[in-house]
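Protein chains in written order, with this note's numbering: chain A, 255 to 890; chain B, 2 to 255.
Note that beta-carbon positions come from the ideal geometry of N, C-alpha and C, so glycine has one too.
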């Protein structure tokens, strides 16, 4: 038999063993193909979403995706190679040249690679339509989804993965040629040694994490990008030391508490766990970081998506609005509405000033802003956003008795996020200073007045109105407001040219499409990350279970019941899943907190949703790992 | 003296019909309390199978086993686990200690599973580790011990529940002669002081000479019995004689 036919035979007889590995690789191919074929899809190209930003985002995502998938494939390949060290040892022992064994295994893994490319592409094409439909739904794109086979995508994916699989096979070949016989034989029979513990590192890890969190809270003050970079380095560093030392210290403390330790299966579970954490600490820390990344990414994109609607509300709170120099036209507008087939639902009025001469230490985008009195503000918000009015604004007061009066700063409609400094802002208008008490986002004037609004006390408003010209703002909501073309046209005819009219019709909702696409890309990446994260920890724990098999045979002999063994294993696997999840979630909460500062919105709900969604999928992996471990160890 | 182990027409068949193999072929056996029984015989004679069946690890194809008067076939998994925990101790050839626990924790394991109070457990560990001469090592981990110390740790673990029977499968198989002698001395002492019944499978005539009685198996059947009624040295020679009589005998593993 030649090398090739041995490899082919091995491949065929090992297909079942490789099931999981193969599934991981096929999943990678499917994910990548679908992603790449997006670029080549004529309908997506036609849908005019291929703006520069989206193309840029997609390219970056593609690179990150590829890097990650390569890492994932490499990890899973080396895991399975490790499982077969003994087999390789036996070949070597029988006198087969190592280069020949290397070739057998390399060819075998190439077969696997080819299988996963073929199966992956076939499934990818089948799932492609589903993928696009999801994209269209989530991204609010108006795309006709047809069954589509992207030849460009097929070619690009095949070539990319062929290179990836070729390189991993080559790497396997090299590692076999370089291996020593003694290591191959002892790979499965290594005595576990007691890890050394560094108390200094353990304590420092907590301090480093604490500092990282602190920096993240103060990120906007330190300068956004520096702050984020420092946080990132500190948190990753702290996480590795936390898993490397801190948890071992905790576990060691537990093993010295005999009253706790000598309680049923605790002795078995805790003693095992201390080893696993120490032995697997790099994996566990990596998992924690991956979890943090995934939850943060998903939290970010779902926050964006979540607030697209909110933002849209701040931009288009009315069916139409206008700003006039007098109230004269109100009556004619009322007549137009009465004569139309719409009914008036809400008519809000406010007097506003446009201030364009001011100085400030505040970093404002706008060259001008509108000023409104507190009474008018409350009057409008009460109807437009009753919920937050009750919660936040019904009792709000502005102190104007001091030399510096307080004001509220309402952000321009449509601003998603800003990295502006939000503290200690003062604005000087007409030689009087105003201090910003609060910076908020709320539907108020809408896109008809595309600037920030300063809410001042009624007294201050009167004072300011002496030096700035006063305008009348009217915002009107009618029923059946999706179909207002006729109404708006009649209104346009009824009012003078110098009155600024702004209608829902003209508000361009399309500019929010990008968020839909970003959301989809983010959610897609998150899914890939979750699956890969789950698989990595699965592989690791399964190989632990294989190592522990004999241990449990012995434990059964000394009288552990099936139930006790089941509990102990579930506990151990559960903890290996839970600890990274907790650490990763805490990291992500701090990360999303920064985002909350940026967006000036309460992101609790998207954060909770992201963590919950992650936990559910991750929980499925945990459950699968427990079941597989139990079956390896031989519990019925 | 009361009977602690009894088997009636015990049979164990491995494999399916077509290619079956009778590992045990009708074994009738009675062991009294406080006995120190050795089981010898060539490879494949069914020694370990017999031990596994009596020690509840495996189930017979047919026949009955009584342990402390209870018929094992009638017991459920839970009851078997309880029996293993309370009435049986094991010593294996490759020690079977848990690498990730200290000697102390390894010995404490069976009592911890029983959920005894931790102070009682620690007292008992202290007592039993002195008995086996490993008291100075109880804070160490298995990889820091010699083979003899490991096996004495395993013996201590087997004895800590004060079981009525201890099953030993080639306990000296991985030990040098000095460590073997030390371990066998401890086992003998344990048999004499605590009246623990011992059933030991061994290839080694020297180890077997510590027993009170020896059963020789061949092809799944009892081939011969020897009772010790002289000094250990003379008994040892009688064992060697018998072994050479069934060909291969003591030299089978030279």
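Check	Outcome
First and last residue of the uninterrupted beta strand (DSSP E) at residue 201 (chain B)	198-202
Beta-carbon separation (whole angstroms), residue 152 (chain B) vs residue 180 (chain B), contact threshold 8 angstroms	7 angstroms
Collapsed DSSP secondary structure at residue 46 (chain B) in the structure displayed	coil
Same chain, Cβ closer than 7 angstroms to residue 98 (chain B), five either side skipped, listed in chain order	107, 143, 151, 154 and 155
Residue 269 (chain A) to residue 551 (chain A) span [Cα, whole Å]	35 angstroms
C-alpha distance - residue 237 (chain B) paired with residue 117 (chain B), whole-angstrom precision	42 angstroms
The alpha helix (DSSP H) enclosing residue 584 (chain A), as first and last residue numbers	584-593
Beta bridge counterpart(s) of residue 93 (chain B) as assigned by DSSP	Paired residues: none, contrary to the question.
Residue 405 (chain A) to residue 291 (chain A) span [Cα, whole Å]	8 angstroms
Top-ranked residue by Cα proximity to residue 651 (chain A), from A:630, A:312, A:555 and A:794	A:630
Where residue 526 (chain A) meets chain B, residues with beta-carbon distance less than 7 angstroms	101
Those runs of the beta strand (DSSP E) which lie wholly inside the stretch 815-852 of chain A and span at least 3 residues	none
Residue 167 (chain B) at chain A interface by Cβ criterion, 7 angstroms	no
Among A:820, A:471, A:372 and A:403, nearest to residue 852 (chain A) - alpha-carbon criterion	A:471
Coarse secondary structure for residue 660 (chain A), derived from DSSP in three states	strand
Separation of residue 109 (chain B) from residue 123 (chain B), as counted between CA atoms	7 angstroms
N- and C-terminal bounds of the alpha helix (DSSP H) containing residue 30 (chain B)	No alpha helix (DSSP H) holds residue 30 (chain B); the beta strand (DSSP E) holding it covers 22-33.
Proximity to residue 830 (chain A) [Cα-Cα], best of A:541, A:370, A:412 and A:263	A:541
Residue-chain proximity (residue 119 (chain B), chain A), Cβ-Cβ < 7 angstroms	yes
Test item: CB-CB of residue 658 (chain A) and residue 687 (chain A) under 7 angstroms	yes
Residue nearest to residue 456 (chain A) in terms of C-alpha spacing, selected from A:464, A:469 and A:500	A:500
Minimum length 3: unbroken beta strand (DSSP E) runs contained in the stretch 739-793 of chain A	754-757
Cutoff 7 angstroms: residue 97 (chain B) Cβ touching any chain A Cβ	yes
Nearest candidate by alpha-carbon position, reference residue 680 (chain A), set A:271, A:332 and A:613	A:613
Partner residues on chain A for residue 58 (chain B), Cβ-Cβ distance less than 7 angstroms	811
Where residue 76 (chain B) sits in the DSSP three-state scheme	coil
Per-residue burial, residue 740 (chain A) [other beta carbons within 10 Å of its own, 16 or more giving buried]	exposed
Among A:839, A:792 and A:379, the one whose alpha carbon lies nearest that of residue 876 (chain A)	A:792
Cβ neighbour criterion (16 or more within 10 Å) applied to residue 547 (chain A)	buried
Cβ pair residue 11 (chain B), residue 47 (chain B) closer than 7 angstroms	no
Backbone secondary structure at residue 7 (chain B) - three-state DSSP	strand
Proximity test, Cβ basis, 7 angstroms: residue 501 (chain A) and chain B	no
Under 9 angstroms (Cβ pairs) to chain B, residues found in the stretch 783-813 of chain A	804, 805, 807, 808, 809, 810, 811, 812 and 813
Length at least 4, wholly inside the stretch 476-520 of chain A: the alpha helix (DSSP H) runs in chain order	478-495, 501-510 and 512-515
Residues near residue 735 (chain A) in its chain [Cβ-Cβ closer than 7 angstroms; skip 5 each side]	573 and 758
Inter-residue Cα distance where the pair is residue 623 (chain A) and residue 566 (chain A)	20 angstroms
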